[in-house]
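Asker: Structure in structure tokens, see below.
In this note's numbering, the protein residues as written are 1022 to 1182.
Pasting the structure below:
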């Protein structure tokens, strides 16, 4: 496989309980173990929270991956990277993100959304511009591990482009 960077969703919840922290860490560990060998996981929780989007974009610019797989706030940070092949899981999409999207971005951006109400709205907006979109109505909080086989297939099939 070519170079793939994986940006999991960061833990941005304030005033958290120990259970919320444990749930996040367990989910992150499951994703890292399941996706071992597919790409390089980026330690997103070490990034500056006030400049999170810029930090994610800086890492991508420095490392120049063939593909980016990003979830949650990380996916939101990657929406407007129009010259980057990317798979986005549960990005928060705004109308402004959909202006002047070039054909390359339309063809090489994949969006996957869970069934939470805010994700459904983002999915509806996303699909007005991007043809490669899926909404998982039975999975409220879609995660990296849920669509592992799908993005392995996407990356494998599009290696030579």
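Just so it is clear, CB atoms sit at the ideal spot from N, CA and C, and this is done for glycine as well.
Quick caveat, the model's predicted, so the values are computed rather than measured.
Report yes if the C-beta of residue 1096 is less than 7 Å from at least one heavy atom of the ligand PLP; otherwise report no.
Answerer: Looking at this structure, you won't find the ligand PLP or any other ligand, since it has none at all.
Asker: Rounded to whole angstroms, what's the CA-CA distance from residue 1174 to residue 1114? Just pull it up for me.
Answerer: To locate residue 1174, count along the chain shown from 1; it is residue 153. To locate residue 1114, count along the chain shown from 1; it is residue 93. Straight-line Cα distance between these residues: approximately 25 Å.
Asker: Do residue 1165 and residue 1092 have their CB atoms nearer than 8 Å?
Answerer: Mapped onto the chain shown, residue 1165 falls at position 144. Mapped onto the chain shown, residue 1092 falls at position 71. Cβ atoms of residue 1165 and residue 1092: closer than 8 Å.
Asker: Using a Cβ-Cβ cutoff of less than 8 Å, which residues in the same chain neighbour residue 1025 once the five nearest sequence positions on both sides are dropped?
Answerer: Residue numbering aside, residue 1025 sits at position 4 when the chain shown is read from its first letter. Here the set comprises 1059, 1060, 1061, 1086, 1087, 1088, 1089, 1090 and 1176.
Asker: Considering residue 1059, what are the terminal residues of the alpha helix (DSSP H) in which it resides?
Answerer: Sequence index remark: in the chain shown, residue 1059 carries index 38 (1-based). Neither: residue 1059 is in no alpha helix (DSSP H) and is coded neither H nor E.
Asker: What is the residue span of the beta strand (DSSP E) that residue 1108 lies within?
Answerer: Position 87 of the chain shown, counted from the first residue, corresponds to residue 1108. Its beta strand (DSSP E) spans residues 1106 to 1110.
Asker: Which same chain residues end up closer than 7 Å to residue 1065 when comparing Cβ atoms and leaving out the 5 residues on each side of it in sequence?
Answerer: Translated into the one-based positions of the chain shown, residue 1065 becomes position 44. Excluding sequence neighbours, residue 1065 sits near 1028, 1029, 1031 and 1095.
Asker: Just to confirm, is the Cβ distance from residue 1081 to residue 1105 under 8 Å?
Answerer: One-based indexing of the chain shown puts residue 1081 at position 60. One-based indexing of the chain shown puts residue 1105 at position 84. Going by C-beta atoms, residue 1081 is nearer than 8 Å to residue 1105.
Asker: Near residue 1144, which residues of its chain fall below 6 Å by C-beta distance, leaving aside the five closest residues on each side in sequence?
Answerer: Along the chain shown, read from residue 1 onward, the residue named residue 1144 stands at position 123. Contacts found: 1134 and 1156.
Asker: With H, G and I counted as helix, E and B as strand and the rest as coil, what does DSSP make of residue 1117?
Answerer: Indexing the chain shown from 1 puts residue 1117 at position 96. Here residue 1117 sits in helix by DSSP.
Asker: Count the other C-beta atoms from every protein chain shown that fall within 10 angstroms of the C-beta of residue 1049, then say buried if there are 16 or more, exposed otherwise.
Answerer: The count along the chain shown starts at 1 and reaches residue 1049 at position 28. Residue 1049 comes out buried.
Asker: Compare the C-alpha of residue 1007 against each of 1108, 1139 and 1039 and name the closest.
Answerer: One cannot answer for residue 1007 here, as it falls past the ends of the chain, which runs 1022 to 1182.
Asker: With residue 1150 and residue 1122 assumed to form a contact (beta carbons below 8 Å), what rounded beta-carbon distance in angstroms separates them?
Answerer: For the purposes of this step, residue 1150 is identified with residue 129 of the chain shown, where counting begins at 1. For the purposes of this step, residue 1122 is identified with residue 101 of the chain shown, where counting begins at 1. 5 Å between Cβ atoms; contact.
Asker: Which residue marks the beginning of the alpha helix (DSSP H) containing residue 1151, and which one marks its end?
Answerer: Here residue 1151 refers to the residue found at position 130 of the chain shown. Careful: residue 1151 lies outside any alpha helix (DSSP H) and carries neither H nor E.
Asker: Please name the residue in 1125, 1100, 1128 and 1108 whose C-alpha comes closest to that of residue 1117.
Answerer: Taking the chain shown and counting its residues from 1, the one referred to as residue 1117 is at position 96. Taking only the C-alpha atoms, the option nearest residue 1117 is 1100.
Asker: Are the CB atoms of residue 1169 and residue 1056 within a distance shorter than 8 Å?
Answerer: Counting from 1 along the chain shown, the entry for residue 1056 is found at position 35. Counting from 1 along the chain shown, the entry for residue 1169 is found at position 148. Yes.
Asker: Whole-angstrom Cβ separation of residue 1131 and residue 1162, contact assumed at under 8 Å?
Answerer: One-based indexing of the chain shown puts residue 1131 at position 110. One-based indexing of the chain shown puts residue 1162 at position 141. Contact doesn't hold; Cβ gap of about 18 Å is too wide.
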